[in-house]
Amino acid sequence: MSMFFRTTIATALVAGGLGLAALPASAQPGGQGCVSPPGMNYMICNGQRVPKPGNRVATTDGGWREESKQGNCIVVREKTATGEFKESRRCD
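If you use mature numbering (1 follows the signal peptide of the UniProt record, and there is no 0), the sequence shown corresponds to residues -27 to -1, 1 to 65, in order.
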């Protein structure tokens, strides 16, 4: 193999490795190495806070609805397209 091909291959491998290292923590597959404090809605990945993937459902008009569990209660948060925010709590 000539010297040109060796340096080209080495450069490509180094650049590929740096590209993978530059991925943000939220883009890493499966949240590997991430820790979630109990009761919190975020994870800590590589020392940074990353929102947990939630169950927020967006509506066609631009609003959204989200449910989360806090202890024995279920908290429902809704925001309409007009900007009205509503939070309700259901404890069974």
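Note that the Cβ used here is the ideal one computed from N, Cα and C, for glycine as well.
(message) Between the alpha carbons of E51 and N19, how many angstroms are there, rounded?
(response) Taking the CA atoms as reference points, E51 sits about 31 Å from N19.
(message) My output table needs one value for P24: the three-state DSSP class, helix, strand or coil.
(response) Correct three-state label for P24: strand.
(message) What residue range does the beta strand (DSSP E) around C7 cover?
(response) Looking at the DSSP string, C7 is not in any beta strand (DSSP E), and its letter there is neither H nor E.
(request) Within the same chain, show all residues whose beta-carbon is closer than 8 Å to that of V30, passing over the 5 residues directly before and after it, in chain order. (result) These residues qualify, in order along the chain: W37, R38 and E39.
(message) Which residues does DSSP list as the beta-bridge partners of S54?
(response) Reading off the sequence shown, one finds Ala at residue 54, where the question assumed Ser. When beta bridges are read from the DSSP output, A54 appears opposite no residue.
(message) Just checking A31 against the ligand MG - is the residue's beta carbon closer than 6 Å to any of the ligand's heavy atoms?
(response) The ligand MG is absent from the structure shown, which contains no ligands of any kind.
(message) Please state the DSSP three-state secondary structure of R62.
(response) R62 falls in the strand class under three-state DSSP.
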